[in-house]
Amino acid sequence: MPRSARKRHEVTYLNAEAIEQAGMEGADACYGCHGGRSWYRISYPYPRTHWPEMPAEVPEWAKHRPTQSEARFLKSAVQGARP
């Protein structure tokens, strides 16, 4: 996995490797979450976390999205809390 990919999808509720693989196979996989499709009938504004190759222009659907995940979902925060 490229270095830039390792910084994306690093939250407790996602399988980052599987998502990155699906994204390499087609951008439609990204639109599923980041494009506003509601999963489980709940609309959740998934963050659009910056990555090195990210286009400078923010798409309309992402203009009001957060730019990072809540701390409670970050793998580093959760792992750091364990004894």
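Taking this note's numbering, the leading residue of the sequence shown gets 3, the next gets one more, and so forth.
Every residue gets a Cβ at the ideal spot worked out from N, C-alpha and C, and that includes glycine.
* **With 16 other Cβ atoms within 10 Å as the buried cut-off, status of residue 11** => The residue labelled residue 11 in the question sits at position 9 within the sequence shown. Counting C-beta atoms within 10 angstroms of its own C-beta, residue 11 has 16 or more neighbours from the protein chains shown and is therefore classed as buried.
* Decide if residue 13 is buried, meaning its Cβ has at least 16 other Cβ atoms within 10 Å, or exposed. => Stepping through the sequence shown from its first residue, residue 13 is reached at position 11. It counts as buried.
* **Beta-carbon contacts of residue 75 that lie in its chain and below 8 Å, excluding the five residues immediately before and after** => In the sequence shown, residue 75 corresponds to position 73, counting from 1. Counting only Cβ-Cβ distances below 8 Å, and skipping sequence neighbours, we find 13, 14, 15.
* Give me the Cα-Cα distance between residue 85 and residue 24, rounded to the nearest whole angstrom. => Walking along the sequence shown from the start, residue 85 turns up at place 83. Walking along the sequence shown from the start, residue 24 turns up at place 22. Summary for residue 85: the model assigns pLDDT 48, below 50, so the residue's position carries little reliability; its value from the coordinates is reported in the next sentence. Here the alpha carbon of residue 85 sits roughly 34 Å from the alpha carbon of residue 24.
* Take residue 51 and list the residues in its own chain whose beta-carbon comes closer than 8 Å to its own, dropping the five residues that flank it on each side. => Within the sequence shown, numbered from 1, the residue matching residue 51 stands at position 49. Here the set comprises 9, 10, 69, 70, 71.
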